[in-house]
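Written below as structure tokens is the structure these notes are about.
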Amino acid sequence: MVTINIDKLTGNLYNAIESFYMMNEQLSNVEYMDKFEKTFRCKAYRNPADNTEWLMEFTDEEYTWFLLRWS
Numbered sequence: 003m004v005t006i007n008i009d010k011l012t013g014n015l016y017n018a019i020e021s022f023y024m025m026n027e028q029l030s031n032v033e034y035m036d037k038f039e040k041t042f043r044c045k046a047y048r049n050p051a052d053n054t055e056w057l058m059e060f061t062d063e064e065y066t067w068f069l070l071r072w073s
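Residue numbers (our numbering): 3 to 73.
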């Protein structure tokens, strides 16, 4: 498993998340999270140690896909 902090993404990876947010901010929280997880092939959740940070958790294969697809 690979876990990354969304706030620490840079370049095209950060831009992909930012664009997704802008295009889907009108969705309910449940709809947004469902679509986010399907789009980026990960589990997304708040960091339990810091409630202001969001984490993305991937299988190794899905992380490789994420890097190749969104870089």
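Positions of the beta carbon are idealized from the N, C-alpha and C atoms, including for glycine.
The residues I19, in chain order, have a CB closer than 7 Å to that of L11 in the same chain once the five nearest residues on each side in sequence are set aside.
Non-local beta-carbon contacts of I6 in its own chain, meaning distances under 6 Å to residues more than five positions away in sequence, involve M58 in chain order. Checking the DSSP bridge columns, you'll see Y47 partnered with L57.
A straight-line Cα-Cα distance of about 25 Å links N49 and L70. Nearest C-alpha to W72 among D9, T54, Y34, S21: S21.
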